[in-house]
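Asker:
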RNA sequence: GACACAGUGGCUCAGCUGGAUAGAGCAACGGUCUUCUAAACCGUAGGUCGUGAGUUCAAGUCUCACCUGUGUCACCA
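Numbering (our numbering), first residue to last: 756 to 1318.
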């Protein structure tokens, strides 16, 4: 960042009043090809006011610029290209990374403000699928990015532990289930009952009526219904916890839908007080036509509340409890209309903080182009995917590094890392069709590639047998090292971009770039030879490893030291 | 039908706030392990950036229209 300032300072005096600092800062860019320089200033905008060709302007300006702080400044066509002083840049960058270690890239953007994140949110009695993986790992990564920029994330697992599906589940359990089955394998069997219910109710619509009755009982606190609900919930949570442990994700709250049951009346009353509630076809709705949105259902004709009612209660509860700066919802893109409605209603209720409600949508995972559906039993079980990935990682280790210590631990870190990284490396809005081979790939642009790169760096540091000094003179002048140094210097900026867009993929892509540039360097430069630059090279290696581990950490991916 | 998201080489995707010959990875073909982990590196081949207008000195990037795909559209979440 401060190096860009050098460029600005050099240009300002020669530009005079022609360009103000703000536009100047905006115009300065990084050339695509680093052979053209480290920063560039395009002169087109001056052409009109100076009545000269941009090429001519560039040449004239270069002659006037104080070149002292730079390696060189040259005019290339209409561009002024700045080449930074590599020694100074390397010195500053390496020292920053090595002294700040894992705090490198930390920034106080949030001043400790609280940011609840609604994430993961699986449904009780249903398995965690690939769809939940997205919400879980995106939310988890955003939480880590928030912490790094001094916000205080609150990870909320808004469990789907209420709703008419529990009526269905109770009916199905009573008709076709057994206690022994549920105890043996809760999720599998509960899901089986649920799927069977949906098959049967096509021919026997009276089942739906029964389910509605049982859910009503549950809402009214009926003992049998409540006991079953609680049992299903606790068995399910135990199963979920296994997966969260594998993923290394922890939550600050498991307040799900049921938690808001006693907070619904207040919402309905508030809406009524503000005359926002309208009767329509027996139901109570909020009209949102002025926002060009469909009406939002608050209460069904039978008096039961809905998803929207609950989310309103949750939003208000979170504002009161956490006094949030922003309230995030990592929920699939197919629900974007819902969140628009939610914000619109909160705004109509007079809450200025409605604007701080932020939906972070993500694309759909399909299988053979079709949407996954628990109801139809078309589901990709996350646990199975993770286990498959771990098995494949284990095979890979046996083949490539059979003498490795704690193989099982590393296999877990690599396998799970592959799955998480695969999910985070692309723009979160991209849809993707599930393909196991693709997800657990270890070569090319993958998590294991980044992990492997770091393991190589760690290996060198181990074998060097020396402790690398945080401060020392550096004199790395080959272009491959220079690429790495520029990337290292860019990291804080990358973190900032990831935060601004709520995009873990920005971090993931950066880690791939850094890994790639290091592998290139590694392939062409022998590090462990004393050529007078040994210390400098080791410092570079250590800095790369530090930042790779940091970046992987922000994604929730482990960094094994050997693999 | 309305709204939302997407449309870049065979496949999967990059391309930050519009800027200099559009970049990777898979897959294909060829090369590199007696030397720091070949989960790597190097090279070859492959693209009218959905289509058509417009704004601009400059458009993959902004605007509009259209085409295609996916999703959503009141008593599920």
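Beta carbons: idealized from backbone N, C-alpha and C, even for Gly.
Cβ atoms of residue 1070 and residue 1082: under 8 Å apart, would you say?
Answerer: Their beta carbons are under 8 Å apart, which means residue 1082 touches residue 1070 by this criterion.
Asker: If distances are taken between C-alpha atoms only, which option among 846, 784 and 760 comes closest to residue 1240?
Answerer: Considering only alpha carbons, the answer is 846.
Asker: By DSSP, does residue 1000 sit in helix, in strand, or in coil?
Answerer: helix
Asker: If we ignore side chains and look at the alpha-carbon of each, how far apart do residue 969 and residue 923 end up?
Answerer: 8 Å
Asker: I'd like to confirm the pairing. Which residues does DSSP put opposite residue 852 in its beta bridges?
Answerer: According to DSSP, residue 852 bridges with nothing at all.
Asker: When you compare only the Cα positions, how much space is there between residue 801 and residue 827?
Answerer: 22 Å
Asker: How is the beta strand (DSSP E) around residue 1114 delimited, first residue to last?
Answerer: 1112–1115
Asker: What do you reckon, are the CB atoms on residue 1013 and residue 916 nearer than 8 Å?
Answerer: A contact, by the Cβ cut-off of 8 Å.
Asker: If you compare alpha carbons, which of 1085, 861 and 889 is closest to residue 902?
Answerer: 861
Asker: Tell me whether residue 1290 sits in a helix, a strand or coil according to DSSP, three-state version.
Answerer: helix
Asker: Would you say residue 1115 and residue 1077 are within 8 Å of each other, going by their C-beta atoms?
Answerer: no
Asker: My output table needs one value for residue 876: the three-state DSSP class, helix, strand or coil.
Answerer: Note: residue 876 maps to coil in three-state DSSP.
Asker: Considering only their Cβ atoms, is the gap separating residue 1271 from residue 1216 smaller than 8 Å?
Answerer: no
Asker: With a Cβ-Cβ cutoff of 8 Å, do residue 900 and residue 872 count as a contact?
Answerer: The answer is no: Cβ separation not under 8 Å.
Asker: How about residue 852 and residue 906: do their beta carbons lie closer than 8 Å?
Answerer: no
Asker: Residue 880 to residue 959, Cα distance in whole Å?
Answerer: 23 Å
Asker: Judging by CA-CA distance, which residue of 925, 1102, 1042 and 1276 is the nearest neighbour of residue 946?
Answerer: Selected option, being the one with the closest Cα: 925.
Asker: Just verifying my parser: in three-state terms, what is the DSSP assignment at residue 1053?
Answerer: strand
Asker: Just reading off the alpha helix (DSSP H) that residue 1067 is part of, what are its end residues?
Answerer: 1062–1077
Asker: Start and end of the beta strand (DSSP E) containing residue 1033?
Answerer: 1032–1035
Asker: How many Å lie between residue 1019 and residue 1053 at the Cα?
Answerer: 10 Å
Asker: Tell me the DSSP secondary structure of residue 1188 in three-state form.
Answerer: strand
Asker: Since residue 1248 is in the alpha helix (DSSP H), which residue starts that stretch and which ends it?
Answerer: 1234–1256
Asker: Assuming residue 1324 contacts residue 889 (C-beta within less than 8 Å), just tell me the rounded distance between them.
Answerer: This structure leaves residue 1324 out entirely; the chain is present only between 756 and 1318.
Asker: Going by DSSP in three states, residue 1086 sits in which element: helix, strand or coil?
Answerer: coil
Asker: Compute the Euclidean distance between the alpha carbons of residue 1031 and residue 1090, then round it to the nearest angstrom.
Answerer: Approximately 22 Å, taken between the alpha carbons.
Asker: Which residues bound the alpha helix (DSSP H) around residue 783?
Answerer: Residue 783 -> no alpha helix (DSSP H), and no H or E assigned at all.
Asker: So, at 7 Å on beta carbons, what are the nonlocal neighbours of residue 821 in its own chain, with the 5 sequence-adjacent residues on each side left out?
Answerer: 765
Asker: If the criterion is Cβ atoms closer than 8 Å, does the pair residue 1094 and residue 1151 meet it?
Answerer: no
Asker: Can you give me the C-alpha to C-alpha distance between residue 763 and residue 803, rounded to a whole angstrom?
Answerer: A direct Cα-Cα distance of roughly 21 Å separates residue 763 from residue 803.
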